[in-house]
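Worksheet: the structure to be examined is printed underneath.
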Amino acid sequence: MSVLQVHQIPVLNDNYVYLAHCPESGATAVVDPAVSGPVLAEAERLGWRITHILNTHHHADHVGGNLEIKEATGCTIVGPKPDKARIPGIDVELDESDHYMLGAAEARVFFVPGHTRGHIAYWFEESGCLFCGDTLFALGCGRLFEGTPEQMWSSLSKLRALPDETLVYCAHEYTQANARFALTVEPQNEALRARSARIDAARAQGEPTVPSSLGEEKATNPFLRADKPELSEALSLAGVAPERVFAEVRSRKDNF
Ligand code: ZN
Ligand code: FE
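For the record, in the sequence shown the residue sitting at position 140 is 149 according to my numbering, with numbers rising by one throughout.
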């Protein structure tokens, strides 16, 4: 059992790549390397030797650095079994309920289709860290490129069941735009309004809004709240099934 040290690297326009380091064993994973150069440079600067890549899904802004980092470090590439054909250099294939040891730190894997059909998320329980790629964002969720609203609602429901103090390490800084949209869905949500003000202040200082806590997502993220009466009533969908409310929120966001 080991508590990870997590280092956040902003790359491209709005992607976050993470280095997750197990101090006990020295193992270091790169989560979703969009690119290789800045990731290798940051690991070098920190004195962390990259031993693994953890991929959540196949999109280029999550696997683009895979082969160059593997070439440079000889690391093991870990990714979703249901999407193994689309993960460059994959060595270890994981699926729902699998456990994987990153050195002395244990990850539990969730299969969370919706954004893509093979998406997975990694939960390090002792560290309280969730690496969820493009499934759950701060105040948002991924677009449904390869899945249905029902699938995505079920995927998000799995993540929502984790403890409130879980830190949500998502892969993009989309929070400020997500907040503007969320306020159109639930304008009376006081926790959301307060959070939105904090987000604006952080962004004005150029600070990241990620990670957030799962507790604040449960209270403010409209995509996690499709089964809350406050939200369905705000949309004039009282009594409608949560996956249909979720579908409505997602389609409004797609057209926002
Ligand atoms: Zn994606
Ligand atoms: Fe992405």
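Even glycine gets a Cβ: it sits at the ideal position worked out from N, Cα and C.
Inset, instruction - Compute the Euclidean distance between the alpha carbons of Cys-179 and His-68, then round it to the nearest angstrom. - result: 14 Å
Legend entry - Bridge partner(s) assigned by DSSP for Val-26: Ile-18
Inset, instruction - For Asp-263, verify whether its CB is less than 7 Å away from any heavy atom of ligand 2. - result: no
Inset, instruction - From the DSSP output, in three-state form, read off Ile-99 for me. - result: coil
Legend entry - Within 8 Å, strictly: CB atoms of Val-194 and Val-258: yes
Inset, instruction - Would you give the residue range spanned by the alpha helix (DSSP H) that Glu-115 belongs to? - result: From DSSP, Glu-115 is part of no alpha helix (DSSP H) but of the beta strand (DSSP E) over 114–120.
Inset, instruction - Answer yes or no: does any C-beta atom of chain C fall closer than 8 Å to that of Thr-175? - result: Checking the listed chains, one finds no chain C in this structure; it contains a single protein chain.
Legend entry - Distance between Phe-232 and Ala-130 (C-alpha atoms, nearest Å): 17 Å
Legend entry - Sequence-distant residues of the same chain with beta carbon closer than 6 Å to Glu-77, five excluded per side: Non-local beta-carbon contacts of Glu-77 in its own chain, meaning distances under 6 Å to residues more than five positions away in sequence, involve Ser-45 in chain order.
Legend entry - Member of Ala-188, Pro-238, Gly-248 whose CA lies at the smallest distance from the CA of Glu-211: The displayed chain sequence assigns Ala, not Glu, to residue 211. That would be Ala-188, whose Cα lies nearest to the Cα of Ala-211.
Inset, instruction - Could you pull the start and end residues of the beta strand (DSSP E) that Thr-37 belongs to? - result: 37–40
Inset, instruction - Mind checking who Ala-130 pairs with in its DSSP beta bridge? - result: DSSP lists Phe-119 as the bridge partner or partners of Ala-130.
Legend entry - Check your reading: residues with Cβ closer than 5 Å to ligand 1 heavy atoms: The filter returns His-68, Asp-143, in chain order.
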